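Peer 1: Below: one structure in structure tokens.
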Amino acid sequence: MDTILGLDLPTWWFLLIGALISGYGILDGFDLGAGALHLFFRKEQSRRIALNAIGPVWDGNEVWLVIGAGALFAAFPLVYGTLLSVFYLPFILLLLAIIFRAISIEFRSKEEMKWWRTLWDVCYCLSSSTIALLFGLILGNLIQGIPLDKDYQFVGRLRDFFNPYALLISVTVLSLFMLHGAMYLAMKTEDRLYAKMTILINQTSKFFILCFITASMATLIYVPHMAAIFHKYPVMFALPVSAVLIVLNMRRMIEKRRYLRGFISSAVTTALLLVLFASGLYPNLVLSNYDVRGNISIYEAASTDGSLRTMLLFAAIGMPLVLTYTVFVFWTFRGKVKLEDTSY
Amino acid sequence: MDHVEILSRIQFAFTIAFHYIYPPLSIGLGVCLVFMEGLYLKTKDKVYEELTRFWVRIFALIFGIGVATGIVMEFEFGTNWAVYSRYVGDIFGSALAAEGIFAFALESAFLGILIFGWNRVSPRVHFLSTVLVALGSMFSALWIVVANSWQQTPTGYRIEGEGLKARAVVTDFWEMVFNPSSIERYSHVLIGAFLAGSFLVLSVSAWYILKRKYVVHSQKAFTIALWVAAVSSLGQLFTGHKSAEVITKYQPAKLAAVEGHFETAPADMYLLGWVDAKKQTVTGLKIPGGLSFLVHQDFKKPIPGLNSFKPENRPGAINFVFQTYHLMVAIGMTLIGLCWLAIFLLYRKKLFQNRWLMGVFVGSVMLPQIANQVGWYTAEVGRQPWVVYGLLRTSDALSQAVKAEHVLISLILFTLVYVILFVLFIYLLNKKIQHGPDVAQENLESPPSKFNPSLI
């Protein structure tokens, strides 16, 4: 098998897709979180500012989902087909929520009527929260493993996905995104709205820390296979320790109102939690809780080395470009939001 | 056909047809925007800037819906067609991922600058963003059409494994990308998109001219869009012909279906007609030997008829494919006539006074839309019963984990949401058009008298 820098190609793609999903979580995470908080703003002016804070960037953030899904399709088609068809209705709901969210953002400012704006505000908040919750639900089930038989055929039922552990992870993801979004909004707002954000950050951070502790305990108790790696490689224990340290640091930055640093901390938290999940999975991509032969490993699911190599070349050329555009756009729209005639 | 198959096919057809209203408009409008803003930079004429700002607002609306409905398409491969995804992942997945990383990222990032960046970046950087968004949307189309063309004319692959584990793997990446129909089909799709976008500009501008609003702006916009449309209409004739040649060579069953050609013999070309697939007859107006002449430059040369293919390898809906194909061709010809008549009148300086023709242009926005739709119906329904031509049957490509009732639920939800979406789209598009461009006072004066329709 071909290797690059000592890692085989499926492993490279495992890492790359992990990076793309983390990038998506960090970027779309803050605008989804901002959406979930939207109804906490009462005044029309505040809602417009909150919406325009994400206005020029949310679409670019969603690109990471498109690229991540495309990469999973290209690199691990078996997993792509299996996951999306097993979680059929959750993914359909996710897609509908993505559509509703896009049209809420686009359509809200197009009419002056109060009922019109309230309708789209509610829709925006609900769809943003739904997306975060559904990602969390799917993640929660993937951590536990899904019932696949030895031929990777699904033998479970839809309602089993709504188990307490998955729901807990679902709420945890929402709370993390809300906190992440609140800190983003604090960086983009001033005066009274900023003051409001400081209160919201304080509350969402407590909410997140509560979820974080509960979810960590629940994982250790109910999903022991995720902790197995620590027995095998005790050095991996550094990961959860640094996650805890970063969450503590985030709390400290919030106390000091250093929101950029707080925002970076929540971004790193998002990435670290995904790294923890990935290190529990590797070398599998999907765990089966029904038959151990139903575990789908990266080697089983991977496309051919030739394709993986071509795509890796594309990624090596493409990802620096994507990062450059992202930085350029964020730089162009840096600073506090000012409402203009082209604003939402 | 079992329920999961028929429902999944309806759902895919519905969601892709709905999605396909928007990207062609964005691509075509992107080209018009590049000309408008380019002329503004060149001439410093404020009218062009106001036009650009106005059309960027409409572009944003269309693009937004295109993105939202496009993400659905990417995921649907996995949700409804898991076996297909596994079968083609090595190939189709690469093209789709390349689309995301090279094209979609580009357009989405710079779209923010295009819409919100007017006061944040210099006019040149703004223009650059417009160009990049337009290019990005064309790159998107490139990768998607490459992936689809590989399904039509697969090359550069080999098959590994058997049964549910079988899959196509790339043996030669560039042979896969430049498969025999890629270039022909991409150019045909792209030009179809130019027509869709430019006809939107033509329609709205013609409406303003009829209403005697924004006449200076509208005449300029109309002229730009007219040139884009006129050149495209001829290009479509050429690329359409090239596509027909590819079908002749690689998809003979589809070729036979589009003309309702059952027995192997010299084939006729119908101007219009009706196929009775049971009796294997076509009633209509025809040029005898026309199809043979078109593809082989010989009226007498025989073309394989549908009966020379095994029944299970023939497209099912012959009359449907026949009708969609002929509608596409008829519209294509109409567009050529319409555009070049307008160019002639423009040259004679009689165009904008011709209220009848302006009225035709207002309604004509539907024509490229319909042609794009029915063209794709021909291509995709004509490819049946295959999802990957000659390799994988549509009926074998479904998700095993999905139940019919789940697909029914999703189909109902998509239908409801898309109906709402479409109503809102039309409402807001109309509102933006009624509002019109924001025009500075000095640009409101009457146009030069020879162009002034109010004198007629």
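If you read the protein sequences in the order shown, they are chains G and D.
Take this note's numbering: the final residue in the first sequence is number 344, and no numbers are missing along the way.
Take this note's numbering: the final residue in the second sequence is number 1456, and no numbers are missing along the way.
All C-beta atoms in this analysis are idealised placements derived from N, C-alpha and C, irrespective of residue type, glycine included.
Since this is a predicted model, take the numbers as computed values, not measurements.
For the beta strand (DSSP E) containing methionine 113 of chain G, name the first residue and the last one.
Peer 2: To locate residue 113 of chain G, count along the first sequence from 1; it is residue 113. It is not in any beta strand (DSSP E) - methionine 113 of chain G carries neither H nor E in the DSSP assignment.
Peer 1: Measure the C-alpha to C-alpha separation of glycine 1030 of chain D and glycine 18 of chain G and round it to an integer number of angstroms.
Peer 2: Against the second sequence, residue 1030 of chain D aligns to sequence position 30. Against the first sequence, residue 18 of chain G aligns to sequence position 18. Each residue's alpha carbon lies about 34 Å from the other.
Peer 1: Sort out for me which residues DSSP pairs tyrosine 1157 of chain D with in a bridge.
Peer 2: The residue you call residue 1157 of chain D lines up with position 157 of the second sequence. Looking at the DSSP assignment, tyrosine 1157 of chain D forms a beta bridge with D:Val1170.
Peer 1: Output needed for arginine 1124 of chain D: all residues of its chain with C-beta closer than 8 Å, excluding positions within five of it in sequence on either side, in chain order.
Peer 2: Here residue 1124 of chain D refers to the residue found at position 124 of the second sequence. These residues qualify, in order along the chain: Leu1041.
Peer 1: Do you know how far the Cα of glycine 181 of chain G is from the Cα of alanine 166 of chain G?
Peer 2: The residue you call residue 166 of chain G lines up with position 166 of the first sequence. The residue you call residue 181 of chain G lines up with position 181 of the first sequence. Using only the alpha carbons, I get a separation of about 22 Å.
Peer 1: Go ahead and pull the three-state DSSP assignment for alanine 1265 of chain D.
Peer 2: In the second sequence, counting from the first residue as 1, residue 1265 of chain D sits at position 265. Of the three classes helix, strand and coil, the one that applies to alanine 1265 of chain D here is strand, per DSSP.
Peer 1: For a cutoff of 9 Å on Cβ pairs, would you count threonine 1079 of chain D as touching chain G?
Peer 2: In the second sequence, residue 1079 of chain D corresponds to position 79, counting from 1. Yes, threonine 1079 of chain D lies at the interface with chain G (some Cβ there is under 9 Å from its Cβ).
Peer 1: Taking any Cβ of chain G, which residues in the segment 1225-1253 of chain D have a Cβ under 8 Å from it, in chain order?
Peer 2: Those would be none; no residue qualifies.
Peer 1: Closest to glutamine 352 of chain G by C-alpha separation, out of G:Gly23, G:Leu5, G:Arg117, G:Phe87, would be which residue?
Peer 2: Examination of residue 352 of chain G is not possible in this model, given that chain G is present from 1 through 344 alone.
Peer 1: Closest by CA to tyrosine 344 of chain G, which one among G:Ala53, G:Pro320, G:Gly280, G:Leu7?
Peer 2: As a first step, residue 344 of chain G is located in the first sequence; it is residue number 344 there, counting from the start. Answer by Cα proximity: G:Ala53.
Peer 1: So, phenylalanine 30 of chain G versus alanine 302 of chain G, is the Cβ gap smaller than 9 Å?
Peer 2: For the purposes of this step, residue 30 of chain G is taken as residue 30 along the first sequence, with counting starting at 1. For the purposes of this step, residue 302 of chain G is taken as residue 302 along the first sequence, with counting starting at 1. No, they are not a contact pair.
Peer 1: Do serine 85 of chain G and phenylalanine 154 of chain G have their CB atoms nearer than 9 Å?
Peer 2: Along the first sequence, read from residue 1 onward, the residue named residue 85 of chain G stands at position 85. Along the first sequence, read from residue 1 onward, the residue named residue 154 of chain G stands at position 154. Closer than 9 Å, so yes.
Peer 1: Locate the alpha helix (DSSP H) running through tryptophan 1386 of chain D, then write down its first and last residues.
Peer 2: Here residue 1386 of chain D is taken as the residue at index 386 of the second sequence, counted from 1. Unbroken run through tryptophan 1386 of chain D is the beta strand (DSSP E), 1386-1388; no alpha helix (DSSP H).
Peer 1: Taking 9 Å as the CB-CB cut-off, is histidine 991 of chain D touching chain G?
Peer 2: Lying before the first or after the last residue shown, residue 991 of chain D is absent from chain D, which here runs from 1001 to 1456.
Peer 1: Check the Cβ of proline 56 of chain G against every Cβ in chain D and list those closer than 8 Å, keeping chain order.
Peer 2: Numbered from its first residue, the first sequence carries residue 56 of chain G at position 56. By Cβ distance, chain D contributes Gly1112, Ile1113, Ile1115, Phe1116, Gly1117.
Peer 1: Straight-line CA distance for threonine 172 of chain G to leucine 51 of chain G?
Peer 2: To locate residue 172 of chain G, count along the first sequence from 1; it is residue 172. To locate residue 51 of chain G, count along the first sequence from 1; it is residue 51. Cα to Cα, the separation comes out at about 24 Å.
Peer 1: From which residue to which residue does the alpha helix (DSSP H) around leucine 1051 of chain D run?
Peer 2: Numbered from 1 along the second sequence, position 51 holds the residue referred to as residue 1051 of chain D. Here the alpha helix (DSSP H) through leucine 1051 of chain D covers 1046-1080.
Peer 1: Select from D:Met1333, D:Pro1180, D:Thr1264 the residue whose C-alpha is nearest the C-alpha of serine 1292 of chain D.
Peer 2: Translated into positions along the second sequence, residue 1292 of chain D becomes position 292. Checked all of D:Met1333, D:Pro1180, D:Thr1264; the closest Cα to serine 1292 of chain D is D:Thr1264.
Peer 1: For cysteine 125 of chain G versus leucine 37 of chain G, is the C-beta distance shorter than 9 Å?
Peer 2: By 1-based counting over the first sequence, the position of residue 125 of chain G is 125. By 1-based counting over the first sequence, the position of residue 37 of chain G is 37. Their beta carbons are under 9 Å apart, which means cysteine 125 of chain G touches leucine 37 of chain G by this criterion.
Peer 1: Does the structure place the segment 1225-1241 of chain D close enough to the segment 1255-1271 of chain D that three or more beta carbon pairs sit under 8 Å?
Peer 2: No, because fewer than three Cβ pairs between the segment 1255-1271 of chain D and the segment 1225-1241 of chain D fall closer than 8 Å, the two stretches do not touch.
Peer 1: For the segment 1346-1379 of chain D, which residues have a beta carbon sitting closer than 7 Å to at least one beta carbon of chain G?
Peer 2: Taking 7 Å as the Cβ-Cβ cut-off against chain G, none of the residues of the segment 1346-1379 of chain D qualify.
Peer 1: Would a check of beta-carbon distances place arginine 1086 of chain D closer than 9 Å to chain G?
Peer 2: On the second sequence, position 86 is the one that residue 1086 of chain D refers to. Chain G, which has a Cβ nearer than 9 Å to the Cβ of arginine 1086 of chain D, makes this yes.
Peer 1: Let me know if isoleucine 1091 of chain D comes out buried or exposed under the rule of 16 or more other beta-carbons within 10 Å of its beta-carbon.
Peer 2: Translated into the one-based positions of the second sequence, residue 1091 of chain D becomes position 91. The residue is buried, with at least 16 neighbouring Cβ atoms inside 10 Å.
Peer 1: Strictly under 9 Å for the Cβ-Cβ distance: is glycine 1197 of chain D near chain G by that measure?
Peer 2: Here residue 1197 of chain D corresponds to residue number 197 of the second sequence, with the count starting at 1. Judged by the 9 Å Cβ criterion, glycine 1197 of chain D is not in contact with chain G.
Peer 1: Report the CB separation of alanine 1253 of chain D from proline 1315 of chain D in whole angstroms; it is logged as a contact under 8 Å.
Peer 2: Position 253 of the second sequence, counted from the first residue, corresponds to residue 1253 of chain D. Position 315 of the second sequence, counted from the first residue, corresponds to residue 1315 of chain D. About 6 Å; that satisfies the 8 Å criterion.
Peer 1: When you compare each of D:Gln1373, D:Val1047, D:Lys1249, D:Ser1149 to valine 1388 of chain D by their alpha carbons, which one comes out closest?
Peer 2: Within the second sequence, the letter at position 388 stands for residue 1388 of chain D. Among D:Gln1373, D:Val1047, D:Lys1249, D:Ser1149, the Cα nearest to that of valine 1388 of chain D belongs to D:Ser1149.
Peer 1: When you compare the CB of leucine 345 of chain G with every CB in chain D, is at least one pair closer than 9 Å?
Peer 2: Past the edges of chain G, shown from 1 to 344, lies residue 345 of chain G, and the structure says nothing about it.
Peer 1: At which residue ranges does the segment 50-106 of chain G contain complete alpha helix (DSSP H) runs of 4 or more residues, listed in the order of the chain?
Peer 2: Qualifying alpha helix (DSSP H) stretches, in chain order: 58-75, 77-86.
Peer 1: Can you list, in chain order, the residues of its chain whose CB lies under 8 Å from that of aspartate 121 of chain G, leaving out five sequence neighbours each side?
Peer 2: Taking the first sequence and counting its residues from 1, one reaches residue 121 of chain G at position 121. Answer for aspartate 121 of chain G: His38, Leu39, Arg47, Ser104, Arg108, listed in chain order.
Peer 1: Tell whether a beta-carbon distance below 9 Å holds between phenylalanine 1116 of chain D and threonine 342 of chain G.
Peer 2: Here residue 1116 of chain D corresponds to residue number 116 of the second sequence, with the count starting at 1. Here residue 342 of chain G corresponds to residue number 342 of the first sequence, with the count starting at 1. Yes, these two residues count as a Cβ contact at 9 Å.
Peer 1: If we define contact as Cβ-Cβ less than 9 Å, is methionine 187 of chain G a contact residue for chain D?
Peer 2: As a position in the first sequence, residue 187 of chain G is number 187, starting the count at 1. No, because no Cβ of chain D sits closer than 9 Å to the Cβ of methionine 187 of chain G.
Peer 1: Specify whether the segment 281-292 of chain G and the segment 56-65 of chain G touch according to this definition: at least 3 beta carbon pairs, one from each stretch, less than 8 Å apart.
Peer 2: Counting Cβ pairs under 8 Å, fewer than three are found: no touch.
Peer 1: Can you tell me whether lysine 232 of chain G is buried or exposed? The criterion is at least 16 other CB atoms within 10 Å of its CB, across all chains shown.
Peer 2: By 1-based counting over the first sequence, the position of residue 232 of chain G is 232. The residue is exposed, with fewer than 16 neighbouring Cβ atoms inside 10 Å.
Peer 1: Judging by CA-CA distance, which residue of D:His1261, D:Val1365, D:Ala1342 is the nearest neighbour of isoleucine 1318 of chain D?
Peer 2: Here residue 1318 of chain D refers to the residue found at position 318 when the second sequence is read from its first residue. Nearest of D:His1261, D:Val1365, D:Ala1342 to isoleucine 1318 of chain D, Cα basis: D:His1261.
Peer 1: Should threonine 342 of chain G be flagged as near chain D, meaning a C-beta pair shorter than 9 Å?
Peer 2: Numbered from its first residue, the first sequence carries residue 342 of chain G at position 342. True, the Cβ-Cβ gap to chain D drops below 9 Å.
Peer 1: Give a yes or no on whether the C-beta atoms belonging to glycine 1093 of chain D and tyrosine 80 of chain G are separated by under 9 Å.
Peer 2: Taking the second sequence and counting its residues from 1, one reaches residue 1093 of chain D at position 93. Taking the first sequence and counting its residues from 1, one reaches residue 80 of chain G at position 80. In contact: glycine 1093 of chain D and tyrosine 80 of chain G (Cβ atoms closer than 9 Å).
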